[in-house]
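Asks: Residue numbers 0 to 557, in numbering that gives the first Met the number 0, belong to the letters of the sequence shown in order. Note that the Cβ used here is the ideal one computed from N, Cα and C, for glycine as well. Provided herewith is a single structure, encoded as structure tokens, for subsequent inquiry.
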Amino acid sequence: MESHLLAAEASTSTSRGLTITLFLIFVAITLGITIWASRQTKTATDFYAGGRQFSGFQNGMAIGGDYMSAASFLGIAGLIALFGYDGFLYSIGFLVAWLVALLLVAEYLRNSGRYTMADVLAFRMRQRPVRSAASLSTVVVSIFYLIAQMVGAGALVSLLLGIKPGQTFLGMDADTAKVATIILVGALMIVYVVVGGMKGTTYVQIVKAFMLMLGALVMTFLVLWHYKFNLSSLLGDAAAQSGKGSAFLEPGLRYGVETAGDAAKTFYSKMDLISLGIALVLGTAGLPHILTRFYTVPTSKIARKSVLWAIGIIGTFYLFTLALGFGAAALVGGKAITAQDKAGNTAAPQLAQALGIDYFGGDTGGAVLLAIIAAVAFATILAVVAGLTLASSSSVAHDFYANVIKRGNASERDEVRVARISALVIGAVAIVLSIFAQSLNVAFLVALAFAVAASGNLPAILYSLFWKRFNTSGAMWAIYGGLISAVVLVFFSPVVSGSPTAMFPDSDWHWFPLSNPGIISIPIGFLCGYIGTIISKEDDTEKYAELEVRSLTGYGAH
Numbered sequence: 000m001e002s003h004l005l006a007a008e009a010s011t012s013t014s015r016g017l018t019i020t021l022f023l024i025f026v027a028i029t030l031g032i033t034i035w036a037s038r039q040t041k042t043a044t045d046f047y048a049g050g051r052q053f054s055g056f057q058n059g060m061a062i063g064g065d066y067m068s069a070a071s072f073l074g075i076a077g078l079i080a081l082f083g084y085d086g087f088l089y090s091i092g093f094l095v096a097w098l099v100a101l102l103l104v105a106e107y108l109r110n111s112g113r114y115t116m117a118d119v120l121a122f123r124m125r126q127r128p129v130r131s132a133a134s135l136s137t138v139v140v141s142i143f144y145l146i147a148q149m150v151g152a153g154a155l156v157s158l159l160l161g162i163k164p165g166q167t168f169l170g171m172d173a174d175t176a177k178v179a180t181i182i183l184v185g186a187l188m189i190v191y192v193v194v195g196g197m198k199g200t201t202y203v204q205i206v207k208a209f210m211l212m213l214g215a216l217v218m219t220f221l222v223l224w225h226y227k228f229n230l231s232s233l234l235g236d237a238a239a240q241s242g243k244g245s246a247f248l249e250p251g252l253r254y255g256v257e258t259a260g261d262a263a264k265t266f267y268s269k270m271d272l273i274s275l276g277i278a279l280v281l282g283t284a285g286l287p288h289i290l291t292r293f294y295t296v297p298t299s300k301i302a303r304k305s306v307l308w309a310i311g312i313i314g315t316f317y318l319f320t321l322a323l324g325f326g327a328a329a330l331v332g333g334k335a336i337t338a339q340d341k342a343g344n345t346a347a348p349q350l351a352q353a354l355g356i357d358y359f360g361g362d363t364g365g366a367v368l369l370a371i372i373a374a375v376a377f378a379t380i381l382a383v384v385a386g387l388t389l390a391s392s393s394s395v396a397h398d399f400y401a402n403v404i405k406r407g408n409a410s411e412r413d414e415v416r417v418a419r420i421s422a423l424v425i426g427a428v429a430i431v432l433s434i435f436a437q438s439l440n441v442a443f444l445v446a447l448a449f450a451v452a453a454s455g456n457l458p459a460i461l462y463s464l465f466w467k468r469f470n471t472s473g474a475m476w477a478i479y480g481g482l483i484s485a486v487v488l489v490f491f492s493p494v495v496s497g498s499p500t501a502m503f504p505d506s507d508w509h510w511f512p513l514s515n516p517g518i519i520s521i522p523i524g525f526l527c528g529y530i531g532t533i534i535s536k537e538d539d540t541e542k543y544a545e546l547e548v549r550s551l552t553g554y555g556a557h
């Protein structure tokens, strides 16, 4: 017994040392890229759009790096490992969403704007009110998304450092170590944005996308090799080890749950599934950090190519999440996953540890593979938070400071300086909120960000591009109506209070029964945009005609 404990402790220290070493190597490489990029960043176009010099493949990789977040790698693998079929619904939703982005947004947006989503709206409307609304919406969506990434970083730490109840590392228990990690990740993301701008952030995302795809491919191959490429055996073992039996492979474990004798609860569970699906499919086309990526290429044709590359990369990755999730259920087991992290955020790293022990023998093999995959996960988190912080700080500087406060008279140098200060403030807010959200699954948190984006941003973008009558009043109503309804419904939902996994589990002020507000807030956003337009007499058809020509042909695009 004593020898087992000593071996486990040796494995923990090996894993700890390796993880910290690999993480520091990645940070050193990416900081090097960031410092190099800072020397190439001379104008506002360089800071906001990377000089518009990226190819379709490079931008596709960067979009993949931006999109394949901690939610994809840690959250979805965890949800599949705990809920089987229902967990995979996230993978499908996140992937299908790209068709909406490709068909309705990518090309038109690249032709119509310069740096931010608000550029498209402000083209045919009054600048100051529209830019103020778009800037606020961008910051709110980005902070929701940032919280998810930071929570993922915190969840990784206690596993990687091997801190068990009653143990400490550098004088910190597991909870203190999680908080320290969230602060560290927040500080690093601020450095990437403040120093490197879009060029540095893009190269960090390309490196990270390559690492993540390679790590996921290796783990998928090892899981399939373990089962002699027999998917039936893998699924059978996953169902058996999950503790849920055959129900694990069928719908209804998490969503659409039939509650005997309670028709209302059954109905709300089914509505939650529909709400989640709507939010996932429509959310991508309204995410500010994804929309800004379309401005980093020279033409709309390359913007379309980059989305096609992104769909290929992201689609392949989501196929890998099936093997990661079901592999974790089969080889680690539901009990071991929830014992480490109730929300399942550590399922993929735990699978890496199990595969390492299985293939490379002993605890050291497990420690090595765990350290490698953990470093990849940290890389994922750092790259995504940098992209999010850049999108939101750019919007504050370009939309709110330069065009609302300074009325278009700000110098490029002042604008970029304000963007850097904004990155600092937004990063600090995200750090504080993340410390309170550690009990929530990261894929679930990202789904909330998607709902807010689809409610506030998407109606305004689509109406602006495709509805001639749309005007300033309609844009304001759409953004504020969708944004406020989504945030209010989340605040009064079981996500924030009234359930064991809520942000405030000991309090209960919830009255909205659904966990995702999309089914209510997205139609409210579109309806508000329609009502706001109809009640206003403002009508500039000439400007719409100019926007239509620009969005379709690229004539006059920056």
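Given a threshold of 16 other Cβ atoms within 10 Å of its Cβ, counted over all protein chains shown, does Pro287 qualify as buried or as exposed?
Replies: Position 288 of the sequence shown holds residue 287. Flag for Pro287 reads buried.
Asks: What residue does the alpha helix (DSSP H) around Asn58 start on, and which one ends it?
Replies: What you label residue 58 is simply residue 59 of the sequence shown in a count that begins at 1. From DSSP, the alpha helix (DSSP H) with Asn58 extends over Gly55 to Tyr66.
Asks: Based on Cα-Cα distance, which residue from Ile32, Leu526, Thr363 and Ile434 lies nearest to Leu17?
Replies: Here residue 17 is taken as the residue at index 18 of the sequence shown, counted from 1. When only C-alpha atoms are compared, the closest one is Thr363.
Asks: Rounding to the nearest angstrom, what Cα-Cα distance links Arg38 and Phe316 in this structure?
Replies: Counting from 1 along the sequence shown, the entry for residue 38 is found at position 39. Counting from 1 along the sequence shown, the entry for residue 316 is found at position 317. Roughly 33 angstroms separates the two Cα atoms.
Asks: Tell me whether Leu318 is buried or exposed, calling it buried when 16 or more other Cβ atoms sit within 10 Å of its Cβ.
Replies: Locating residue 318 in the sequence shown gives position 319, where the first residue counts as 1. Answer is exposed; the Cβ neighbour count stays below 16.
Asks: With 16 as the cutoff for other CB atoms within 10 Å, does Gly242 come out buried or exposed?
Replies: By one-based count along the sequence shown, residue 242 stands at place 243. It is exposed - the Cβ of Gly242 has fewer than 16 other Cβ atoms within 10 Å.
Asks: Tell me whether Met210 sits in a helix, a strand or coil according to DSSP, three-state version.
Replies: Along the sequence shown, one-based indexing puts residue 210 at 211. Helix at Met210.
Asks: Can you tell me whether Phe266 is buried or exposed, with buried defined as 16 or more other CB within 10 angstroms of its CB?
Replies: Position 267 of the sequence shown, counting from 1, holds the residue named residue 266. Flag for Phe266 reads exposed.
Asks: Quick one: using the 10 Å Cβ neighbour count with 16 as the cut-off for buried, is Asn408 buried or exposed?
Replies: Taking the sequence shown and counting its residues from 1, the one referred to as residue 408 is at position 409. Exposed, by the Cβ-count rule.
Asks: Measure the alpha-carbon distance for Val99 versus Leu281 and round it to whole angstroms.
Replies: Walking along the sequence shown from the start, residue 99 turns up at place 100. Walking along the sequence shown from the start, residue 281 turns up at place 282. In a straight line, the C-alpha of Val99 is about 7 angstroms away from that of Leu281.
Asks: Count the other CB atoms within 10 Å of the CB of Lys227; is the residue buried (16 or more) or exposed (fewer)?
Replies: Residue mapping note: residue 227 aligns to position 228 of the sequence shown, counting from 1. With fewer than 16 other Cβ atoms within 10 Å, it is exposed.
Asks: What's the C-alpha gap between Phe525 and Trp308?
Replies: Position 526 of the sequence shown holds residue 525. Position 309 of the sequence shown holds residue 308. Distance between the alpha carbons of Phe525 and Trp308 is about 30 angstroms.
Asks: Tell me which same chain residues have a C-beta within less than 8 angstroms of the C-beta of Lys334, skipping the five on either side of it?
Replies: For this step, residue 334 is matched to residue 335 along the sequence shown. Around Lys334: Gly242.
Asks: What is the DSSP secondary structure of Leu4, counted as helix, strand or coil?
Replies: For this step, residue 4 is matched to residue 5 along the sequence shown. In this prediction, Leu4 scores a pLDDT of 33, lower than 50, which makes its location untrustworthy; the coordinate-derived value is nonetheless stated afterwards. Here Leu4 sits in helix by DSSP.
Asks: If you measure between the beta carbons of Leu461 and Leu135, is that distance less than 8 angstroms?
Replies: Here residue 461 is taken as the residue at index 462 of the sequence shown, counted from 1. Here residue 135 is taken as the residue at index 136 of the sequence shown, counted from 1. Contact: no.
Asks: Taking only runs of the alpha helix (DSSP H) that begin and end inside the segment 297-336, which ones reach a length of at least 4 residues, in chain order?
Replies: Listed in chain order, the complete alpha helix (DSSP H) runs (minimum 4 residues) inside the segment 297-336 are 299-330.
Asks: Within 10 angstroms of its Cβ, does Ala6 collect 16 or more other Cβ (buried), or is it exposed?
Replies: Here the question's residue 6 lines up with position 7 in the sequence shown. Because the pLDDT at Ala6 is just 42, under 50, the model does not fix this residue reliably, and the value given afterwards should be weighed accordingly. Exposed, since its Cβ has fewer than 16 Cβ neighbours within 10 Å.
Asks: For Val486 versus Val138, is the C-beta distance shorter than 8 angstroms?
Replies: Taking the first residue of the sequence shown as 1, we reach residue 486 at position 487. Taking the first residue of the sequence shown as 1, we reach residue 138 at position 139. No, the Cβ-Cβ distance between Val486 and Val138 is not below 8 angstroms.
Asks: In chain order, what residues of the same chain lie with their CB nearer than 8 angstroms to the CB of Thr540, ignoring the 5 residues before and after it?
Replies: Counting from 1 along the sequence shown, the entry for residue 540 is found at position 541. Cβ neighbours of Thr540 beyond the five flanking positions: Lys467.
Asks: Count the C-beta pairs between the segment 54-64 and the segment 231-239 that are closer than 8 angstroms, then say yes if the count reaches three, no if not.
Replies: No, the segment 54-64 is not in contact with the segment 231-239.
Asks: Starting from Ala238 and walking both ways along the alpha helix (DSSP H), at which residues does that stretch end?
Replies: Within the sequence shown, residue 238 is the residue found at index 239, counting from 1. Its alpha helix (DSSP H) spans residues Leu230 to Ser241.
Asks: Can you name the residues that DSSP bridges to Phe503?
Replies: Numbered from its first residue, the sequence shown carries residue 503 at position 504. BP columns for Phe503 point to Ser496.
Asks: From Ser131 to Arg406, what distance separates their C-alpha atoms?
Replies: For the purposes of this step, residue 131 is identified with residue 132 of the sequence shown, where counting begins at 1. For the purposes of this step, residue 406 is identified with residue 407 of the sequence shown, where counting begins at 1. Spanning the two alpha carbons is a distance of roughly 12 angstroms.
Asks: Whose C-beta lies closer than 6 angstroms to the C-beta of Ile420 among residues of the same chain, with five residues either side of it excluded?
Replies: In the sequence shown, counting from the first residue as 1, residue 420 sits at position 421. For Ile420, where only same-chain residues beyond five positions count, there are no Cβ hits under 6 angstroms.
Asks: Do Ala347 and Leu323 have their C-beta atoms closer together than 8 angstroms?
Replies: On the sequence shown, residue 347 is found 348 positions in, with the first residue counted as 1. On the sequence shown, residue 323 is found 324 positions in, with the first residue counted as 1. Yes, these two residues count as a Cβ contact at 8 angstroms.
Asks: Quick check on Tyr462: does DSSP put it in helix, strand or coil?
Replies: Reading the sequence shown from its first residue, position 463 is the one you call residue 462. Tyr462 falls in the helix class under three-state DSSP.
Asks: Please specify which runs of the beta strand (DSSP E), each continuous and at least 3 residues long, are wholly inside the segment 59-142, giving them in chain order.
Replies: Counting whole runs of 3 or more residues, the segment 59-142 contains no beta strand (DSSP E) stretch at all.
Asks: Please state whether DSSP places Asn456 in a helix, a strand or coil.
Replies: If you number the sequence shown from 1, residue 456 lands on position 457. Correct three-state label for Asn456: helix.
Asks: Please report the straight-line C-alpha distance between Gly326 and Arg127, rounded to a whole angstrom.
Replies: If you number the sequence shown from 1, residue 326 lands on position 327. If you number the sequence shown from 1, residue 127 lands on position 128. Using only the alpha carbons, I get a separation of about 52 angstroms.
Asks: Count the CB pairs spanning the segment 203-215 and the segment 373-392 that are closer than 8 angstroms, and state whether there are at least three.
Replies: A contact exists between the segment 203-215 and the segment 373-392.
Asks: If you pair each beta-carbon of the segment 21-31 with each one of the segment 244-260, do three or more pairs fall below 8 angstroms?
Replies: Counting Cβ pairs under 8 angstroms, fewer than three are found: no touch.
Asks: In this structure, does DSSP put His397 in helix, strand or coil?
Replies: As a working note, residue 397 is residue 398 in the sequence shown. In the structure shown, His397 sits in a helix (DSSP, three-state: H, G or I).
Asks: Determine the DSSP secondary structure at Glu257, reduced to helix, strand or coil.
Replies: Looking up residue 257 in the sequence shown gives position 258. In this structure, Glu257 counts as coil in the three-state DSSP scheme.
Asks: Can at least three beta-carbon pairs, one atom from the segment 72-85 and one from the segment 284-299, be found at a separation below 8 angstroms?
Replies: Judged by Cβ distances under 8 angstroms, the segment 72-85 makes no contact with the segment 284-299, as fewer than three pairs qualify.
Asks: Let me know the alpha helix (DSSP H) ranges lying completely inside the segment 348-394, each 4 residues or longer, listed in chain order.
Replies: Listed in chain order, the complete alpha helix (DSSP H) runs (minimum 4 residues) inside the segment 348-394 are 361-394.
Asks: Could you pull the start and end residues of the alpha helix (DSSP H) that Lys264 belongs to?
Replies: Translated into the one-based positions of the sequence shown, residue 264 becomes position 265. Segment Ala262 to Gly282, the alpha helix (DSSP H) holding Lys264.
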